[in-house]
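Residue numbers (my numbering): 2 to 339. Cβ atoms here follow ideal geometry from the backbone N, Cα and C, with glycine treated the same way. One structure below.
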């Protein structure tokens with residue numbers, strides 16, 4: 002399917018993927034409306050620590066290990082993308098700290114990945130997620146995209162039904178939601194997605210945002226306006242209730258690294274990510290006519306956002322998809338593709 006230039010595209014979801022897709026398509030001349038009932042930043046993308054960290058993901062998340070090269074290519078799209086929008090990237094890297102035996106394990110993983118064996122990882126970056134979402138929305142609106150605070154209920158080509166009872170004419174639906182579309186109703190491929198609840202502590206911090214992220218055993222400390230201490234990975238959970246019991250191991254691990262941390266005033270932020278069986282997002286046309294998927298980036302929504310937006314644009318315009326499209330093909334988990 003190749004919609005005409007200027008076709009009306011609905012984007013469900015205003016997180017990192019949905020907002021970046023909206024900006025890309027609006028700049029190409031598509032009529033774009035983004036539907037998301039949540040306030041700006043009240044999603045997993047807004048809660049996130051904003052990591053653009055392929056090596057850290059490969060080292061500390063086994064499901065990401067085989068995707069290191071792909072994640073690096075996704076990260077490498079960020080400097081030009083961020084510069085054009087005025088999004089500030091922190092390139093202060095990641096420092097690995099902890100017990101000598103554990104550090105040795107991390108160095109062994111680096112060796113297995115063919116990476117320099119050092120406790121400082123210069124190639125991993127980060128951004129301020131909430132500021133980035135605000136910047137993306139402003140840029141998308143300037144390009145002509147419209148944002149509406151309502152959920153999508155159903156879609157057939159030419160007819161988008163919304164939770165407020167309206168039916169609006171749209172040619173294409175880009176599905177970029179989090180846990181709200183896992184029942185297969187909008188696209189059968191979402192049956193392959195599963196939720197992961199993530200909780201992150203935010204503690205008062207005055208050390209400056211230009212310092213490295215500290216990666217310890219079971220925890221990271223990411224400096225910024227506050228100190229982000231994260232993050233839980235609670236597979237199969239999709240509730241947004243703060244759970245001090247679940248975050249207690251984060252507190253304990255953070256105290257090992259920084260015994261003087263005062264966590265009494267720390268707040269808990271909660272988001273729900275969605276993931277595929279292989280940890281890569283679903284990107285491409287659904288079996289359901291008119292639906293294009295851009296969902297399931299696990300905890301790498303920010304990392305993959307520009308690459309996913311480029312792929313969505315290529316699917317819609319008929320341009321060359323490039324070499325990374327097949328790894329994220331939205332229908333790759335089907336027994337046979339037609």
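Opposite residue 52 in the DSSP bridges: which residues? In the DSSP secondary-structure assignment, residue 52 is bridged to 127.
Local conformation of residue 277 per DSSP, three classes: Assignment of residue 277 by DSSP, reduced to helix, strand and coil, places it in the coil class.
Can you confirm whether the segment 28-36 touches the segment 114-127 when touching is taken to mean that 3 or more C-beta pairs between the two stretches lie within less than 8 Å? As far as the Cβ criterion goes, the segment 114-127 does not touch the segment 28-36, which means the pair count is below three.
Limits of the alpha helix (DSSP H) - the one that residue 112 falls within: Judged by DSSP secondary structure, residue 112 falls within the alpha helix (DSSP H) whose first and last residues are 101-113.
Tell me which residues share the same chain as residue 328 and place their Cβ nearer than 7 Å to its Cβ, disregarding the 5 neighbours each side in the sequence. Counting only Cβ-Cβ distances below 7 Å, and skipping sequence neighbours, we find 71 and 281.
Three Cβ pairs or more, each shorter than 8 Å: is that satisfied between the segment 58-75 and the segment 303-320? The segment 303-320 and the segment 58-75 touch, with three or more beta-carbon pairs separated by less than 8 Å.
Secondary structure of residue 1, DSSP reduced to three states: There is simply no residue 1 to check, as the chain begins at 2 and stops at 339 in what is shown.
Checking 9 Å against the spacing of the C-beta atoms, do residue 141 and residue 315 come in under that value? Contact flag unset, no.
Rounded to whole angstroms, how far is the Cβ of residue 302 from the Cβ of residue 18, which I believe are closer than 8 Å? About 6 Å separates the CB atoms of residue 302 and residue 18; that is less than 8 Å, so the two are in contact.
Roughly how many angstroms lie between the CA atoms of residue 152 and residue 129, to the nearest whole one? The straight-line gap separating the alpha-carbon atoms of residue 152 and residue 129 is approximately 26 Å.
For residue 168, does the count of other Cβ atoms within 10 angstroms reach 16, so buried, or fall short, so exposed? Per the 10 Å Cβ criterion, exposed.
Answer yes or no: do residue 228 and residue 250 have a C-beta to C-beta separation smaller than 9 Å? Not closer than 9 Å, so no.
Going by DSSP, what residues sit across from residue 91 in a beta bridge? According to DSSP, residue 91 bridges with 127.
In the DSSP assignment, find the unbroken beta strand (DSSP E) run with residue 155 in it and report its ends. If you look at residue 155, you'll find it in the beta strand (DSSP E) that goes 153-157.
What number of angstroms, rounded off, separates the C-alpha of residue 256 from the C-alpha of residue 165? Straight-line Cα distance between these residues: approximately 47 Å.
Can the beta-carbon of residue 9 be found less than 9 Å from the beta-carbon of residue 171? The Cβ atoms of residue 9 and residue 171 sit closer than 9 Å to each other.
Among 326, 231, 322 and 332, the one whose alpha carbon lies nearest that of residue 277: Considering only alpha carbons, the answer is 332.
Cα-Cα separation, residue 113 to residue 311: One Cα belongs to residue 113, the other to residue 311, and the distance between them is close to 31 Å.
Taking only the alpha-carbon atoms, compute the straight-line gap between residue 43 and residue 59 and give it to the nearest angstrom. Cα atoms of residue 43 and residue 59: separation of roughly 27 Å, rounded to the nearest angstrom.
Figure out for me which residue from 102, 258, 177 and 47 has the closest Cα to the Cα of residue 220. Looking at 102, 258, 177 and 47, the one whose alpha-carbon comes closest to that of residue 220 is 258.
Tell me whether residue 192 is buried or exposed, calling it buried when 16 or more other Cβ atoms sit within 10 Å of its Cβ. Around the beta carbon of residue 192, fewer than 16 other beta carbons lie within 10 angstroms, which makes this residue exposed.
Rounded to the nearest angstrom, what separates residue 271 and residue 300 at their Cα positions? Whole-angstrom Cα-Cα distance: 13 Å.
If you check the beta carbons only, do residue 98 and residue 120 fall under 9 Å apart? In this structure, the beta-carbon distance from residue 98 to residue 120 falls below 9 Å.
Should residue 217 go down as buried or exposed, given a rule of 16 or more other Cβ atoms within 10 Å for buried? Buried is the label assigned to residue 217, since at least 16 other Cβ atoms lie within 10 Å of its Cβ.
Can you have a look at residue 313 and say buried or exposed, based on whether 16 or more other CB atoms are within 10 angstroms of its CB? In summary, residue 313 is buried, with 16 or more beta-carbon neighbours lying within 10 Å of its beta-carbon over all protein chains present.
In the DSSP assignment, find the unbroken alpha helix (DSSP H) run with residue 207 in it and report its ends. Residue 207: not part of any alpha helix (DSSP H); DSSP gives it neither H nor E.
For residue 263, which of 269, 273 and 252 has the nearest alpha-carbon? If we check each option's Cα against that of residue 263, 252 comes out closest.
Taking Cβ positions, are residue 86 and residue 136 nearer each other than 9 Å? Contact flag set, yes.
Give every residue of the same chain whose Cβ lies closer than 7 Å to the Cβ of residue 215, excluding the five residues on either side of it in the sequence, and list them in chain order. Only 96, 98, 221, 222 and 258 meet the Cβ criterion.
Pick out whichever of 179, 63, 48 and 107 has its Cα sitting closest to the Cα of residue 36. For the residues 179, 63, 48 and 107, the minimum Cα distance to residue 36 belongs to 179.
For a test of the three-state rule: what should DSSP assign to residue 118, helix, strand or coil? Of the three classes helix, strand and coil, the one that applies to residue 118 here is coil, per DSSP.
Cβ-based burial, residue 330 [other Cβ within 10 Å; buried from 16]: So residue 330 counts as buried.
Environment of residue 196 [buried if 16+ CB atoms lie within 10 Å]: Counting Cβ neighbours within 10 Å, residue 196 comes out buried, since at least 16 surround it.
Between 188, 232 and 200, which lies nearest to residue 286 when the distance is taken from Cα to Cα? Per the Cα distances, 188.
Express the C-alpha separation of residue 176 and residue 198 in angstroms, rounding to a whole number. If I take the Cα positions, the gap works out to 20 Å.
Does the distance from the C-beta atom of residue 47 to that of residue 138 stay below 9 Å? Cβ distance not < 9 Å, so residue 47 and residue 138 don't count as in contact.
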